[in-house]
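Student: The structure follows.
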Amino acid sequence: MARDLRGWPTVVVVNRRGRQPSGPLTDQYSLGAEIEDAATVLRGFSDVRTLFGWSYGGLIALQLAATLRVPHLIAYEPVMAPFGAPALPDLRRAQDAGDAEAIVETVLGRVTGMGADRIESLRSQDEVWAQLLRLSAPAYAETHAINEAGRPESFAGAAERVDLVVGERNRGQAPYGTTFDDVARRVPGARVHVLPGQGHLAHLEAPERLAALLDELGSGGSGGRPVRDAA
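The sequence shown: position 224 = 495 (the numbering used here), numbered continuously.
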């Protein structure tokens, strides 16, 4: 998706903990550790204009912007507690077995509620499935951290501008659309945008369309509605 961005002079992709070439999650892993990591990265640059996060990364960005000034924050389908908790035992078993296929199948089936036909469709897309397997290792720890973090009263109080994006297929639907609405209610003044025809995996299935929306938002385009009207 980052390669499809056209409206940004510089783009930096952060490999979070548990993703090569970054280090392991460690026994002290938590949402707080992710927030501090992100703060450290931001402090390493002289001029960060926009921070973008997807899913759990969106939650990290929104929590970070509660205390650290961010000129512009964009989050695609950010999640918050409670999210995916019933799947934690199955994720733990798959993790202990080192079974990446089982982790991905559990996330898609138990966490997202995706049907078997849809999962098989993703499995048939070699590049998409390979990316899901590559990113699967921290799924248990991250889902656990989301639920351990609780439910703050508000997000992104230090952000000057916040754009929240939800895929059209998930709008108002559990789990991603409903947790999105929970987040949106906690970001006063944010604007909500809908990405037509897409779901949670837009960055893999339609990266050029998500990139085009980010380009529009980065250039000052709006098209969204205030949270109070959209939630």
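Heads up, the beta-carbon is just placed ideally off N, CA and C, and yes, glycines get one too.
Computed from a predicted structure; not experimentally measured.
Where does the unbroken alpha helix (DSSP H) through residue 303 begin, and where does it stop?
Tutor: The residue you call residue 303 lines up with position 32 of the sequence shown. Unbroken alpha helix (DSSP H) run through residue 303: 302 to 314.
Student: So what's residue 436 in DSSP terms, helix, strand or just coil?
Tutor: Mapped onto the sequence shown, residue 436 falls at position 165. Looking at residue 436 - three-state DSSP - the assignment turns out to be strand.
Student: Would you give the residue range spanned by the beta strand (DSSP E) that residue 480 belongs to?
Tutor: Within the sequence shown, the letter at position 209 stands for residue 480. It is not in any beta strand (DSSP E) - residue 480 instead sits in the alpha helix (DSSP H) that spans 478 to 489.
Student: Given a threshold of 16 other Cβ atoms within 10 Å of its Cβ, counted over all protein chains shown, does residue 450 qualify as buried or as exposed?
Tutor: By one-based count along the sequence shown, residue 450 stands at place 179. It is buried - the Cβ of residue 450 has at least 16 other Cβ atoms within 10 Å.
Student: In the DSSP assignment, what residue or residues form a beta bridge with residue 465?
Tutor: As a position in the sequence shown, residue 465 is number 194, starting the count at 1. Bridge partners of residue 465: 437.
Student: Kindly indicate which three-state DSSP category residue 474 falls into: helix, strand or coil?
Tutor: Counting from one through the sequence shown, the residue named residue 474 turns up at place 203. In this structure, residue 474 counts as helix in the three-state DSSP scheme.
Student: Across which residues does DSSP place residue 323 in a beta bridge pair?
Tutor: For the purposes of this step, residue 323 is taken as the residue at position 52 of the sequence shown. According to DSSP, which records beta bridges pairwise, residue 323 is partnered with 345.
Student: Measure the C-alpha to C-alpha separation of residue 473 and residue 378 and round it to an integer number of angstroms.
Tutor: Counting from 1 along the sequence shown, the entry for residue 473 is found at position 202. Counting from 1 along the sequence shown, the entry for residue 378 is found at position 107. Between residue 473 and residue 378, the C-alpha separation is close to 16 Å.
Student: Look up residue 368 in the DSSP assignment and say whether it is helix, strand or coil.
Tutor: Position 97 of the sequence shown, counted from the start, is the residue given in the question as residue 368. Of the three classes helix, strand and coil, the one that applies to residue 368 here is coil, per DSSP.
Student: Between residue 478 and the rest of its own chain, which residues show a CB-CB distance below 7 Å, the 5 nearest in sequence each way excluded?
Tutor: Translated into the one-based positions of the sequence shown, residue 478 becomes position 207. Same-chain partners within the cutoff: 272, 275.
Student: With contact counted as at least three CB pairs below 8 Å, one residue from each stretch, are the stretch 415 to 427 and the stretch 457 to 468 in contact?
Tutor: Result yes; three or more Cβ-Cβ pairs closer than 8 Å.
Student: Going along the chain, which residues of its own chain have a beta-carbon closer than 7 Å to the beta-carbon of residue 361, five neighbours each way excluded?
Tutor: As a first step, residue 361 is located in the sequence shown; it is residue number 90 there, counting from the start. Taken in chain order, the residues that qualify are 377, 381.
Student: Using the rule of at least 16 other Cβ atoms within 10 Å of the residue's Cβ for burial, across every protein chain shown, is residue 348 buried or exposed?
Tutor: Translated into positions along the sequence shown, residue 348 becomes position 77. Answer is buried; the Cβ neighbour count reaches 16.
Student: By the DSSP assignment, the alpha helix (DSSP H) with residue 392 in it spans what residues?
Tutor: The residue you call residue 392 lines up with position 121 of the sequence shown. Residue 392 -> alpha helix (DSSP H) spans 387 to 394.
Student: Under a three-way DSSP split, which group does residue 430 fall into?
Tutor: Here the question's residue 430 lines up with position 159 in the sequence shown. In the structure shown, residue 430 sits in a strand (DSSP, three-state: E or B).
Student: Rounded to a whole number of angstroms, what is the C-alpha to C-alpha distance between residue 389 and residue 317?
Tutor: On the sequence shown, residue 389 is found 118 positions in, with the first residue counted as 1. On the sequence shown, residue 317 is found 46 positions in, with the first residue counted as 1. Straight-line Cα distance between these residues: approximately 43 Å.
Student: Tell me the residue span of the alpha helix (DSSP H) that contains residue 424.
Tutor: By one-based count along the sequence shown, residue 424 stands at place 153. Careful: residue 424 lies outside any alpha helix (DSSP H) and carries neither H nor E.
Student: In its own chain, which residues sit with a C-beta less than 6 Å from the C-beta of residue 371, not counting the 5 before and 5 after it?
Tutor: The residue you call residue 371 lines up with position 100 of the sequence shown. Contacts found: 404, 407.
Student: Which same chain residues, not among the five before or five after residue 502, have their C-beta less than 7 Å away from its C-beta?
Tutor: The residue labelled residue 502 in the question sits at position 231 within the sequence shown. Reliability of the predicted coordinates at residue 502 is poor, the pLDDT of 26 falling under 50, and no value is obtained from them.
Student: Between which two residues does the alpha helix (DSSP H) carrying residue 453 extend?
Tutor: Mapped onto the sequence shown, residue 453 falls at position 182. Residue 453 -> alpha helix (DSSP H) spans 447 to 455.
Student: What would DSSP say about residue 298, mapped onto helix, strand or coil?
Tutor: As a working mapping, residue 298 is identified with position 27 in the sequence shown. Residue 298 falls in the coil class under three-state DSSP.
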